[in-house]
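Before any comments, here is the structure.
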Amino acid sequence: METKLLGIVGSNVPTSTNRKLMNALKAQVSDQANVTIADLAALPLFDKPAKDAIPAVVTAFCQQVAAADGVIIATPEYDHSVPAVLLNALEWVAYSSRALANKPVLIIGAAYGKLGSDRAQAQLRQILLAPDLQAAVLPGEFQLANSLAAFDDHGALLHPADQDGLTYQLAAFLQAVADNKSLI
Ligand SMILES: Cc1cc2nc3c(=O)[nH]c(=O)nc-3n(C[C@H](O)[C@H](O)[C@H](O)COP(=O)(O)O)c2cc1C
Numbered sequence: 294m295e296t297k298l299l300g301i302v303g304s305n306v307p308t309s310t311n312r313k314l315m316n317a318l319k320a321q322v323s324d325q326a327n328v329t330i331a332d333l334a335a336l337p338l339f340d341k342p343a344k345d346a347i348p349a350v351v352t353a354f355c356q357q358v359a360a361a362d363g364v365i366i367a368t369p370e371y372d373h374s375v376p377a378v379l380l381n382a383l384e385w386v387a388y389s390s391r392a393l394a395n396k397p398v399l400i401i402g403a404a405y406g407k408l409g410s411d412r413a414q415a416q417l418r419q420i421l422l423a424p425d426l427q428a429a430v431l432p433g434e435f436q437l438a439n440s441l442a443a444f445d446d447h448g449a450l451l452h453p454a455d456q457d458g459l460t461y462q463l464a465a466f467l468q469a470v471a472d473n474k475s476l477i
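Right, here's the structure in full:
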């Protein structure tokens with residue numbers, strides 16, 4: 294059966310380099326898995342409604358997460374942290390579902406500076422391991438530094454070291470997804 298992955302880009306910015314990175318990843322794995330990219334812009338701000346009053350768009354997002362064999366999250370870094378749009382989405386998941394529990398999750402991230410989104414990615418790992426999320430986060434991560442200069446005109450990664458790093462983490466992730474599927 295086809296492997297279904299969900300890509301979550303922690304940005305509403307159309308020109309986001311994290312979105313570019315997710316698109317490059319999607320193209321790279323197209324012969325092994327189908328990656329759907331979630332739309333976080335549609336999610337309202339979390340306001341802790343009654344459990345029987347969860348907005349339909351939130352339920353649909355959580356169902357997308359639940360239906361995926363694995364999830365890839367690309368986080369930008371805002372003020373050394375995870376952008377509000379991504380945290381908001383994770384708050385909805387934690388509050389209204391068990392969609393990420395034991396789900397293989399690969400953390401990736403792109404940032405303009407030379408450290409990439411390292412600090413945001415570390416925070417994201419901590420969040421994903423919280424009791425109400427309990428994701429099966431892969432030990433490895435992919436960091437794309439200097440992300441404004443990292444892609445060619447077709448959206449492919451320019452630098453072999455970046456390409457190799459992504460390929461390495463993707464192989465580990467796809468293996469974890471396959472292992473997890475065989476348990477179900
Ligand atoms: C409010 C704000 C805060 C930012 N903080 C950081 C930061 O802490 N570290 C960093 O490398 N870039 C920072 N940036 C620059 C880029 O937005 C950031 O590198 C981001 O990860 C790029 O991802 P994107 O292309 O997907 O938007 C910030 C930008 C904004 C608008």
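Counting in the numbering used here, the sequence shown tops out at residue 477, every number present. Ideal placement from N, C-alpha and C gives every residue a C-beta, glycine not left out.
Find out if the Cβ-Cβ distance for the pair L314, A403 is shorter than 8 Å. Cβ distance < 8 Å, so L314 and A403 count as in contact.
Lining residues of ligand 1 - beta-carbon closer than 6 Å to any non-hydrogen atom, in sequence order: Chain-ordered list of matching residues: S304, V306, S309, T310, N311, P369, E370, Y371, D372, H373, A403, A404, Y405, G406, S410, S440.
What is the DSSP secondary structure of P348, counted as helix, strand or coil? When DSSP states are grouped into helix, strand and coil, P348 belongs to the coil group.
Run through the DSSP bridge pairs and tell me what S374 is partnered with. Under DSSP, the beta-bridge partners assigned to S374 are Y371.
Helix, strand or coil at N479 [DSSP, three-state]: This structure cannot speak to residue 479, because the chain is shown only from 294 to 477.
Going straight from the alpha carbon of C355 to that of A387, what length do you get? The alpha-carbon separation between C355 and A387 amounts to approximately 9 Å.
Whose C-alpha, out of V351, Q321, A469, G409, is nearest the C-alpha of A334? With distances taken between Cα atoms, A334 lies closest to V351.
Is the stretch 369 to 378 close to the stretch 406 to 416, with three or more CB pairs under 8 Å? Touching, yes, given that three or more Cβ pairs across the two stretches are closer than 8 Å.
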